[in-house]
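J.: Sharing a structure here in structure tokens format.
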Amino acid sequence: MAKKNKKTAQPAKLTPAQKAKAEADAQHMIARNKKALHDYFIDEKFEAGLVLTGTEVKALRAGRASITEAWVDFDRHGEAWIVGMNIPVYAMGSWTNHKPTAKRKLLLHRDELRELAFKVQAKGTTVVPLELYFIRGRAKVQIGLARGKQDWDKRETLRRQQDEREAQRALSEARKRMR
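Residues in the sequence shown are numbered from -18 upward in steps of one, following the working numbering.
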């Protein structure tokens, strides 16, 4: 963190190295799965690394990916794989290009893998990707332990969000009138 200037009590200017570190530590969003938040109740969230090849990373850095149709599957060895994630082929790649919808291995701690695999065995529970992003130069995916919503749950959630928006609008209009 930047130190404060004792005389003026203002934060001191960041050095170029501190600015570079702050920028590297920032989260750079690639894709977000809004459909999952609409279709599921998210009980727990986990951050997982991805095993990727060179052209996959270059395509992600270009901001091209889709996780709306993806899900997480567990194999018999206890490993987690993300299936259905679409990373389009890298335009500048050659014969080394990757398959766009290949399944990719997720990197999680052993305890997290065991916990997720155990909870997925329950009826109506699955693991879905929520966000795909870079942090400190590494590709990460946020996955969520999810329970499916019924149609009436979806309508109720939409109604609640709409009511909150209307309340915020009314508050902001009231504040404007007060000025």
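By construction, the Cβ of each residue, glycine as well, lies at the ideal position given by its N, Cα and C atoms.
1. Give the DSSP-derived three-state secondary structure of VAL38 in the structure shown.
2. To the nearest angstrom, how far is it from the Cα of LYS167 to the Cα of ARG146?
3. Kindly identify the DSSP beta-bridge partner or partners of SER47.
4. Just mark MET10 as buried or exposed, buried being the case when its beta carbon has 16 or more other beta carbons within 10 Å.
5. Between which two residues does the alpha helix (DSSP H) carrying HIS19 extend?
6. With a Cβ-Cβ cutoff of 9 angstroms, do ALA71 and ALA43 count as a contact?
7. Once the 5 residues before and after ASN67 are set aside, which same chain residues still bring their CB inside 6 angstroms of it?
T.: Well, looking at it:
1. VAL38 falls in the helix class under three-state DSSP.
2. Examination of residue 167 is not possible in this model, given that the chain is present from -18 through 160 alone.
3. DSSP lists ASN67 as partners of SER47.
4. With a threshold of 16 other beta carbon atoms within 10 Å, MET10 falls short and is exposed.
5. Residues 15 to 20.
6. The question names Ala, but residue 71 in the sequence shown is Tyr. Yes, Cβ-Cβ distance for TYR71 and ALA43 is below 9 angstroms.
7. Cβ within range, chain order: SER47, PRO81 and THR82.
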